[in-house]
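As numbered in my numbering, residues 504 to 597 make up the sequence shown, in order. We treat Cβ as the ideally placed atom computed from N, Cα and C, and that holds for glycine. Notes to accompany the following structure.
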Amino acid sequence: MVTRNNAWWMTRAKGIYIFSVSPFRQRAFAGFGREIKNLAKLHWTGVAYFASIAAGGYYLLVWANQYYHHSMRKDPLFYEREAAELAATGSTEQ
């Protein structure tokens with residue numbers, strides 16, 4: 504006679520634990536709002552990190568271009584003597 508305690512399908516193996524949740528107890532979207540909040544937080548953390556580096560690089564590029572163009576200008580004091588000599592001779596040569 505097969506009883507509930509000794510049926511072959513009811514046997515328990517030692518050291519093996521089986522857990523299950525009824526499909527009627529499971530929630531498909533459990534914790535969905537919390538996961539969306541964490542995803543948004545991680546996204547904006549990455550955006551802030553990248554944006555700060557990109558903004559710093561952009562301003563470094565702008566500064567370097569301005570410095571380059573400023574350093575390539577001719578100093579008018581350097582050519583003041585030549586301009587005075589040309590004005591004295593009346594020459595229009597360049």
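Check	Outcome
Separation of Trp566 from Gln529, as counted between CA atoms	59 Å
Where Ser574 falls: helix, strand or coil (DSSP)	helix
Secondary structure of Val524, DSSP reduced to three states	coil
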